[in-house]
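K.L.:
Let me give you the structure first, and then I'll get to my questions.
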Amino acid sequence: MSKIQVVLAQARAPGVYRFRSRASEMTLRRALEKAGWRLFYLDGREIRDKTSFLQACAAAMEFPTYFRPNWDAFEECVNDLSWMPAQGYVVLFDRAGQFELSAPRDWATAMDIFEDAVASWRDAGTPMYVLVRGAEAIYPDL
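So in my numbering, spot 68 of the sequence shown is number 76, and the numbers just go up one at a time.
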């Protein structure tokens, strides 16, 4: 079973996972969209700090125009996504190590918010996976 099939079948519970796959963003996007899911791709080469992280998330998740780059607004939007209905959500944070190493406190805050969002979406009956590729942080492998 491929890693994306693990997600679609929910063979592993929704959560934050280390993603050790070389599958391209486009390959993942096609497979997920075919099943009615959404992929939000974060390119870690462009993310060095809180501001660039929040800007990347706002662009990838198409946050509403009222979004302002702060943690409260990020938490609100990532727990809503009503403008992007789907059967499930996957955040692929590629090359995440740069953000993790250059702004460790902001990294920790971002990951805490993602973990809370995963739980919130799980409670609502919609799976969310955050797949982290290229970071030092210890997450279980998908």
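C-beta atoms are modelled at their ideal positions from N, C-alpha and C, and glycine is treated no differently.
Using only alpha-carbon positions, find the residue among 113, 83 and 44 that is nearest to residue 93.
P.N.:
44
K.L.:
Should residue 36 be labelled buried (16 or more other beta-carbon atoms within 10 Å of its own) or exposed?
P.N.:
Classification of residue 36: buried, given that the 10 Å Cβ count is 16 or more.
K.L.:
So, do the stretch 88-106 and the stretch 131-143 have three or more beta carbon pairs nearer to each other than 8 Å?
P.N.:
Between the stretch 88-106 and the stretch 131-143 there are three or more C-beta pairs closer than 8 Å, enough to call the two in contact.
K.L.:
What's the gap between the Cα of residue 59 and the Cα of residue 132?
P.N.:
29 Å
K.L.:
Taking the straight line between their C-alpha atoms, what separation do you get for residue 42 and residue 109?
P.N.:
C-alpha separation (whole angstroms): 35 Å.
K.L.:
Return the CA-CA distance between residue 96 and residue 26, expressed in angstroms with no decimal places.
P.N.:
18 Å
K.L.:
Does residue 91 pass the burial test, meaning 16 or more other C-beta atoms within 10 Å, or should it be called exposed?
P.N.:
exposed
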